[in-house]
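Numbering (our numbering), first residue to last: 92 to 470.
Even for Gly, the Cβ is constructed at its ideal location relative to N, Cα and C.
This one's a predicted model, so the numbers in the text were calculated from it and none came from an experiment.
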């Protein structure tokens, strides 16, 4: 077991093996000028794709931010050199955004932070339009579309054990509505006529987030937030809005986030070519499907935020094999969370790992493994 575990990790994480196996994917990129914010001794920084942003290896997530009691954690994070905050209107029913905004305004630290946000409720709005179409169809037709969606879930293997991993409740329920949406659009083609109302709604969502975070721009904006199937990335409304917001200076860079079908969505995002970055689930359990794609993403100049790095091994019902695999790869004595980040940061093709930091002690623990280069456990 130890031989299989350590051999698998070492082979998939080895930079020279990845480089040799994907030489044809290399592209010549003009190096970006490094942009530094909150640079502190003791923290290691990496270029965020080809954006120029030099981001801390550990960045701050705000999923659980519900109370101002968490704001001192940001002080601790800044002291350690963390310079990137990720938030979303979906987190804590919007309270996370508001807390981030209050903190940045009260401390005058906006120019020290790369701020990332998401258009969280775009998909829900489009799904409502799709439901209106479905209501006008005969029951037999609706059943046929639902059955086809279920067939596609099975055909694509997006729920296959060992490929699909559950990170939050209801995650798997994202697939069926996404496939139904796609099937309806393919058959009825309503998207063009819906464009004005869809874009107006998207602009409103962005305006709301700007007000909540008390800023006039985002360094990074993600849409879709939690893409389920690759076809969602083909949405012209998203691409066109990104272009508009960039021209107006409201956003600097465009990204998407993915928990489901991570390899399929990342591959399509790379192929499309207009995404500057992506936020993807990457950890000791699912990494084998992603290593080559992460290399391709970096060669194309995409910044990669690794998320769900520690959650995969820290839940109460975590299967023992995941912990065994991590311990076999990283033999040093750290908390299970810090060990997960240390493992992920050995990959030069990711830009940073996001952590939902909720205490100064957690900040110290997780940032304590930055800048480290280790050898994975030997057979």
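Which listed residue (the options) has its alpha carbon closest to that of residue i
i	options	result
residue 437	247, 281 and 135	135
residue 267	222, 364 and 137	222
residue 126	163, 174, 287 and 220	174
residue 324	260, 338 and 363	363
residue 129	148, 120 and 402	148
residue 291	178, 269 and 332	332
residue 212	276, 299, 165 and 467	299
residue 186	406, 202 and 157	157
residue 351	406, 249, 385 and 451	249
residue 137	155, 467 and 461	461
residue 296	446, 163, 168 and 179	179
residue 274	258, 309, 229 and 225	225
residue 468	189, 415 and 359	415
residue 258	353, 390, 276 and 272	353
residue 403	412, 384 and 376	376
residue 181	330, 254, 285 and 155	155
Which of helix, strand or coil DSSP assigns to residue i
i	result
residue 103	Note that residue 103 has pLDDT 39, beneath the 50 cutoff, so the model's placement of it is unreliable and the number below is only indicative. Note: residue 103 maps to helix in three-state DSSP.
residue 117	Unreliable placement is indicated for residue 117, whose pLDDT of 41 sits below 50; the coordinate value is still reported in the next sentence. The answer is coil: DSSP assigns residue 117 none of H, G, I, E or B.
residue 224	helix
residue 175	strand
residue 448	coil
residue 366	coil
residue 152	strand
residue 387	helix
residue 147	strand
residue 465	coil
residue 398	strand
residue 371	strand
residue 380	helix
Cβ pair residue i, residue j closer than 7 angstroms
i	j	result
residue 394	residue 153	no
residue 401	residue 425	no
residue 399	residue 440	no
residue 435	residue 397	yes
residue 177	residue 445	yes
residue 305	residue 192	yes
residue 205	residue 310	yes
residue 313	residue 347	yes
residue 355	residue 321	yes
residue 201	residue 195	yes
Start and end residues, alpha helix (DSSP H) containing residue i
i	result
residue 336	327 to 339
residue 194	186 to 198
residue 168	162 to 170
residue 404	402 to 405
Endpoints, the beta strand (DSSP E) within which residue i is located
i	result
residue 345	342 to 349
residue 310	309 to 316
residue 208	205 to 209
residue 128	No beta strand (DSSP E) contains residue 128, which DSSP labels as neither H nor E.
residue 138	136 to 138
In chain order, each alpha helix (DSSP H) run of at least 4 residues that lies wholly inside the region 411 to 443: Those alpha helix (DSSP H) runs which fall completely within the region 411 to 443 and span 4+ residues are 411 to 420 and 427 to 435.
Alpha helix (DSSP H) runs wholly inside the region 217 to 299, at least 4 long, in chain order: 230 to 247 and 266 to 279, all fully within the region 217 to 299.
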